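First residue of the sequence shown? That's 87 in this note's numbering, and the numbers climb one at a time after it. For every residue, glycine included, the Cβ atom is placed at its ideal position computed from N, Cα and C. Here the structure is a predicted model, which means the values were calculated and not measured. Have a look at the structure below before the remarks.
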Amino acid sequence: MAEATLWNELKARKLGGHKFVRQMPIGPYFADFTCRSSRLIVEIDGSQHAGSQYDRRRDAFMCSEGYSVLRMWNVDVLKDTEGVCATILAAWDGRLQQNTTAFDMRFVFAAASGGKA
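And the structure:
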């Protein structure tokens, strides 16, 4: 449900005119949402992903491929879609330029991501 809600905001260049695709393969993984032009991946996760070493390895791989990874919670997408979209735009336009971890989000910055940073 959260992925469908966010996809409704991202599809057809609705969010700032940026093109996102769903379920893009990157190596052995699939990214929930990817903006190829800015090399930004957005992952929407449930609480079972909290502290996941698998996700950390996955993020590291995606960063090694030149993608920055923004992880957010399903509940935030459902309760504060506007805030989630604002955070995605902040990552896209370079206002997030370092690794950030909070209770409800993680951003792993790939310095050579090719974004606007």
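For GLY102, which residues in the same chain have their Cβ closer than 6 Å to its Cβ, ignoring the five residues on either side in sequence?
LEU175
Check this for me: beta carbons of ALA155 and ILE127, under 7 Å apart or not?
Checking the sequence, you will find Val at residue 155 rather than Ala. Result yes, Cβ atoms of VAL155 and ILE127 sit closer than 7 Å.
Continuous beta strand (DSSP E) stretch holding GLN139: start and end
Run containing GLN139: none in the beta strand (DSSP E); it sits in the alpha helix (DSSP H), 139 to 150.
Can you check which of these residues, ILE112, VAL163, GLY113, is closest to CYS91 by C-alpha distance?
It should be pointed out that residue 91 corresponds to Thr in this sequence rather than to Cys. For the residues ILE112, VAL163, GLY113, the minimum Cα distance to THR91 belongs to VAL163.
Alpha carbon of GLN184 to alpha carbon of ALA196, nearest angstrom
8 Å
Distance between GLU89 and ASP141 (C-alpha atoms, nearest Å)
17 Å
Take ILE112 as the anchor and find which of PHE147, LYS165, THR186 has the nearest alpha-carbon.
PHE147
Can you give the Cα-Cα distance for ARG157 and ASN94, rounded to whole angstroms?
18 Å
Assuming ASP118 and ARG108 make a contact with CB atoms under 8 Å, what is their CB distance in whole Å?
7 Å
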